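What follows is a set of notes on a single structure, which appears directly below.
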Amino acid sequence: MPLSEEELRALEQMERALVQEDPKLASTLRGTNLRRAARRRAILAGVCFVAGLAILMAGAIARQTIVGILGFVVMLVSATIALAAVRGTSGGARRTPSTPGAPTGSMLDRFGTPWRRRHDNES
Numbered sequence: 338m339p340l341s342e343e344e345l346r347a348l349e350q351m352e353r354a355l356v357q358e359d360p361k362l363a364s365t366l367r368g369t370n371l372r373r374a375a376r377r378r379a380i381l382a383g384v385c386f387v388a389g390l391a392i393l394m395a396g397a398i399a400r401q402t403i404v405g406i407l408g409f410v411v412m413l414v415s416a417t418i419a420l421a422a423v424r425g426t427s428g429g430a431r432r433t434p435s436t437p438g439a440p441t442g443s444m445l446d447r448f449g450t451p452w453r454r455r456h457d458n459e460s
């Protein structure tokens, strides 16, 4: 459901006030630090995945079923964490090639642009 013009204005005012009062928090909310943390989690999960694969192979070679199962569980958990980290950053971390007329600016500007276009087309 699109926001009304009054709601968009109120949100833009709140965003400006937040940036003025606490620029560090505003930067964090934009995702710069969150992306870095997600990248670290994804890399650590990749290392754990490789370790789980090694445990799985060691269990298979030693014919120890429980060790193989433990390695598989480590792989499964690390893959889940890596996917969650990657998907968590997909909103702002993935950059698509910019196209002419593509919305830029704050989050509120990007969300408000389609509504404004639709509103202008109706007029």
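Each number in this note's numbering corresponds to the 1-based position in the sequence shown with 337 added. The beta-carbon is built from N, C-alpha and C at its ideal position, and this holds for glycine as well. The structure presented is a predicted model; accordingly, all values stated were derived computationally and were not measured.
(1) What do you get for V411, buried or exposed, if any count of 16 or more other CB atoms within 10 angstroms of its CB means buried?
(2) What does the Cβ neighbour count give for S341, buried or exposed, with the cut at 16 atoms within 10 Å?
(3) Is it the case that the Cβ atoms of L420 and F409 are separated by a distance below 8 angstroms?
(4) Tell me the DSSP secondary structure of R346 in three-state form.
(5) Closer than 8 angstroms by C-beta to V423: which residues in its own chain qualify, once you throw out the five before and the five after it? Chain order, please.
Looking at the atomic coordinates:
(1) Under this definition V411 is a buried residue.
(2) Burial call: exposed.
(3) no
(4) helix
(5) A375 and A379
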